[in-house]
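**Q** Residue numbering for the sequence shown follows numbering that gives the first Met the number 0, beginning at 0 and increasing consecutively. C-beta atoms are modelled at their ideal positions from N, C-alpha and C, and glycine is treated no differently. Here the structure is a predicted model, which is why all the values come from computation and not from measurement. I'd like to ask you about the structure that follows.
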Amino acid sequence: MSRLIVVSNRVNPPADTGVGTAGGLAMALSAALREDKGLWFGWSGNTVEHYTGQISMQKVGGVTVALLDLEPQDQNEYYNGYANRTLWPLFHYRSDLVNYERSFDEGYSRVNTRFAETLLPLIAPDDLIWVQDYHLIPLARELQARGVKNRIGFFLHIPWPARRLLKTLPKHGELVESLFDYDLVGFQTEDDCEAFVDFVTHDAPGAEALPDGILRAWGKQIFAKPFPIGIDAQDFADTLTSERAETFHRAMIRSQAGRKMLLGVDRLDYSKGLEERFSAYETLLANNPGMHGNLFLLQIATLSRDEVDAYQDLRNRLDTQSGQINGAYATVDWVPLRYVNRPYRRDELAGIYRSADIGLVTPLRDGMNLVAKEYVAAQDPANPGVLVLSQFAGAAEQMKEALIVNPFSREDVSEAIHRGLAMPLRERRRRWEALYDKVLTNDVSKWRDDFVSCLSDCLPATVAEKEAV
Ligand code: GDG
């Protein structure tokens with residue numbers, strides 16, 4: 000069997016998963032590589048004054064991890080710049096927040112070149128290379144320019160934007176063309192895949208969409224398909240029965256003091272719809288005085304990308320908004336909104352999820368959203384909570400038994416919370432059983448296996464066709 004090389008912006012060694020850091024990509028990849036004696040290559044997260052191109056290798060939990068240090072300028076232009084000030088807002092439909100500077104472009108290409116140069120000596124002829132996410136779109140082009148002939152796949156963890164939106168990006172054609180240097184390009188949902196095909200068929204030279212995800216353009220041929228990501232459901236179930244998870248669960252139940260608990264767990268990011276969620280909760284409180292004192296919202300919003308202005312601004316607005324809600328509604332013995340910025344360990348989170356009556360997952364745009372799946376996996380089968388899920392999370396394509404809402408409508412979200420709180424046990428169980436079944440069946444191993452086997456097995460049949468293009 001070929002060795003798998005995973006390349007991503009950041010690398011979180013699998014041994015860390017018991018405690019866990021925020022970030023769905025890190026969770027998904029560490030779980031996927033745990034059984035695979037693969038190599039995981041990426042940025043260490045550290046910067047050094049002068050780039051050396053040296054990598055540090057370590058073996059963690061059966062996975063060889065190779066880490067590269069970057070320069071401060073790389074961090075500014077590639078990571079905080081092109082990745083998180085240009086592509087992230089654009090791909091999440093926030094063109095108002097897109098910042099485009101040529102220096103970002105240069106930093107993005109430079110870091111992709113650095114990744115290719117340092118990865119090159121580690122690649123063996125049979126290796127399968129699997130590149131992750133929007134930070135590294137041009138990596139296949141850079142590797143091929145250095146003679147790499149291996150199969151290379153790419154998976155996009157975030158949404159693919161609508162055609163007209165993408166065209167606002169300078170050099171968008173070049174970016175899309177560089178995806179045609181992969182053999183397989185994977186998306187979270189059918190919808191994202193269709194948006195990609197829509198762009199290619201309308202705007203790329205010589206484009207042709209054939210059955211089975213075959214796509215031709217720029218004189219090249221690739222496969223483009225959806226591979227919805229999941230969680231490590233078995234590992235999550237084990238975490239749930241850990242002593243720490245149970246201690247946290249008991250502590251939460253005690254602190255609820257008989258009140259219903261609504262729960263949000265998100266990175267502090269404008270794509271997650273936190274302001275809109277707070278407004279919806281405020282609407283619920285304003286319209287239902289009888290509920291005061293009987294429920295509360297616990298929002299865990301772990302700080303993220305705080306070197307980017309839009310994130311600092313959002314943090315300030317959320318501080319104000321949460322203060323206003325508590326100022327307007329709190330009483331001496333009731334705080335309606337518990338707003339928490341500190342991160343929790345993964346096992347602690349599991350216990351917290353289990354004690355929540357409503358899981359509020361209301362992003363304005365989200366590739367998938369693993370919190371929705373973790374919330375479902377953590378519920379007590381005898382008395383499960385209700386998932387309120389945004390129609391704009393990739394997860395909504397699968398999790399149709401959740402209460403699906405439009406996160407832009409405070410009335411819609413507020414009514415769904417109301418409905419969830421009043422939902423009879425029989426209906427809660429029926430919905431939860433269907434959701435849990437999907438979370439178990441479509442887990443992270445299936446995601447990895449489907450992608451990797453497509454990259455290694457389903458392409459040979461078309462190699463001849465590929466060469467004939
Ligand atoms: C990207 C895409 C896609 C959160 N707070 C804490 C904590 N978390 C963990 C959650 C979950 C993960 O972070 C968040 O995953 P999401 O999927 O919700 O979101 P992104 O970070 O934006 O991930 C997303 C994902 O990639 C995978 O493809 O689903 O659409 O945007 O696992 O539990 N973990 C710990 N403490 C916290 O305080 N330990």
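For the alpha helix (DSSP H) containing Arg266, name the first residue and the last one.
**A** Per DSSP, Arg266 belongs to no alpha helix (DSSP H); it is in the beta strand (DSSP E), 259-266.
**Q** Given a threshold of 16 other Cβ atoms within 10 Å of its Cβ, counted over all protein chains shown, does Val462 qualify as buried or as exposed?
**A** Low per-residue confidence applies at Val462: pLDDT is 48, beneath 50, and the placement is therefore not dependable, though the value from the model is reported in the following sentence. Answer is exposed; the Cβ neighbour count stays below 16.
**Q** Answer yes or no: the CB of His473 versus the heavy atoms of the ligand GDG, is any distance below 8 angstroms?
**A** Residue 473 is absent from the structure shown; the chain starts at 0 and stops at 468.
**Q** Quick one: what does DSSP say Thr319 is sitting in, helix, strand or coil?
**A** It is helical.
**Q** Just to confirm, are Arg140 and Asp104 a CB contact at a threshold of 9 angstroms?
**A** It is not a contact, given that the beta carbons lie outside the stated cut-off.
**Q** Do Ala244 and the ligand GDG come close, with the Cβ less than 8 angstroms from some heavy atom?
**A** Result no, Cβ not under 8 angstroms from the ligand GDG.
**Q** Just how far apart, CA to CA, sit Ile136 and Glu274?
**A** Cα to Cα, Ile136 sits roughly 31 angstroms from Glu274.
**Q** Counting pairs of Cβ atoms below 8 angstroms between the region 304-313 and the region 255-265, do you hit three or more?
**A** Taking 8 angstroms as the limit for Cβ pairs, the verdict is that the region 255-265 does not touch the region 304-313.
**Q** Report the rounded CA-to-CA distance for Gln323 versus Lys445, giving the unit in angstroms.
**A** Spanning the two alpha carbons is a distance of roughly 44 angstroms.
**Q** Taking Val412 as the reference, give the member of Val64, Pro124, Glu432, Val387 with the closest Cα.
**A** When only C-alpha atoms are compared, the closest one is Val387.
**Q** What are the boundary residues of the beta strand (DSSP E) that Trp129 is part of?
**A** Unbroken beta strand (DSSP E) run through Trp129: 127-131.
**Q** Does DSSP classify Ile324 as helix, strand or coil?
**A** Ile324: helix per DSSP, three-state reduction.
**Q** Would you call the region 428-436 in contact with the region 370-388, where contact means no fewer than 3 C-beta pairs closer than 8 angstroms?
**A** Output reads yes: the region 370-388 touches the region 428-436.
**Q** Taking only heavy atoms of the ligand GDG into account, decide whether any of them is closer than 8 angstroms to the Cβ of Arg337.
**A** No - the ligand GDG has no heavy atom lying nearer than 8 angstroms to the Cβ of Arg337.
**Q** Kindly examine the ligand GDG and report whether one of its heavy atoms sits closer than 8 angstroms to the Cβ of Gly366.
**A** Gly366 Cβ: within cutoff of the ligand GDG.
**Q** Is it the case that the CB of Tyr310 approaches a heavy atom of the ligand GDG more closely than 8 angstroms?
**A** No, Cβ of Tyr310 sits at least 8 angstroms from all heavy atoms of the ligand GDG.
**Q** Using only the heavy atoms of the ligand GDG, determine whether one of them is closer than 8 angstroms to the beta carbon of Leu142.
**A** Not so, every heavy atom of the ligand GDG lies at least 8 angstroms from the Cβ.
**Q** Decide if Ala21 is buried, meaning its Cβ has at least 16 other Cβ atoms within 10 Å, or exposed.
**A** Reliability fails at Ala21, whose pLDDT of 42 lies under 50, so the model's placement of it is uncertain and the value that follows must be treated cautiously. Answer is buried; the Cβ neighbour count reaches 16.
**Q** In chain order, which alpha helix (DSSP H) runs of at least 4 residues are fully inside the region 164-252?
**A** Within the region 164-252, the complete alpha helix (DSSP H) runs of at least 4 residues are 171-178, 189-202, 232-239.
**Q** Looking at the structure shown, is Trp39 part of a helix, part of a strand, or coil, going by DSSP?
**A** Three-state DSSP puts Trp39 in a strand.
**Q** Quick check: the Cα distance between Leu3 and Trp42, rounded to an integer number of angstroms?
**A** About 18 angstroms.
**Q** Please work out which residues of its chain come closer than 8 angstroms, Cβ to Cβ, to Gln311, disregarding the five sequence neighbours upstream and downstream, and give them in chain order.
**A** Hits under 8 angstroms: Asp305.
**Q** Leaving out the 5 sequence neighbours to the left and right, which residues in its chain are closer than 6 angstroms to Gly350 when beta-carbon positions are compared?
**A** Within the same chain, Gly350 has close Cβ partners Ala244, Phe247, His248.
**Q** Take Asp488 as the anchor and find which of Ala223, Ile228, Ser94 has the nearest alpha-carbon.
**A** Any property of residue 488 remains undetermined from this structure, which presents the chain solely from 0 to 468.
**Q** What did DSSP end up calling Asp442 once you bin it into helix, strand or coil?
**A** It is coil, neither helix nor strand.
**Q** With burial defined as no fewer than 16 other Cβ atoms inside 10 Å of the residue's Cβ, what is the status of Asp308: buried or exposed?
**A** Per the 10 Å Cβ criterion, exposed.
**Q** Anyone know if the C-beta pair for Leu284 and His291 falls short of 9 angstroms?
**A** Closer than 9 angstroms, so yes.
**Q** Just to confirm, is the Cβ distance from Ala203 to Val175 under 9 angstroms?
**A** Result yes, Cβ atoms of Ala203 and Val175 sit closer than 9 angstroms.
**Q** Use the C-beta contact count for Leu165: other C-beta atoms within 10 angstroms, 16 or more gives buried, fewer gives exposed.
**A** Label assigned to Leu165: buried.
**Q** Can you give the Cα-Cα distance for Glu173 and Arg162, rounded to whole angstroms?
**A** Answer to the nearest angstrom: the Cα atoms are 14 angstroms apart.
**Q** With a cut-off of 8 angstroms, do at least 3 Cβ pairs link the region 102-119 to the region 141-154?
**A** At 8 angstroms Cβ cutoff, the stretches touch.
**Q** What does the alpha-carbon distance come out to for the pair Asp234 and Thr440?
**A** About 14 angstroms.
**Q** Heavy atom of the ligand MG less than 8 angstroms from the Cβ of Ser270, yes or no?
**A** In the structure on display, the ligand MG does not appear, and the ligands it does have are the ligand GDG.
**Q** Thinking C-beta only, is Glu76 closer than 9 angstroms to Tyr107?
**A** Yes, they are a contact pair.
**Q** With a threshold of 8 angstroms, establish whether the CB of Pro342 neighbours any heavy atom of the ligand GDG.
**A** Result yes, Cβ under 8 angstroms from the ligand GDG.
**Q** Straight-line CA distance for Asp484 to Pro383?
**A** Summary: the structure shown does not reach residue 484, with the chain confined to residues 0 through 468, and so no result is reported for it.
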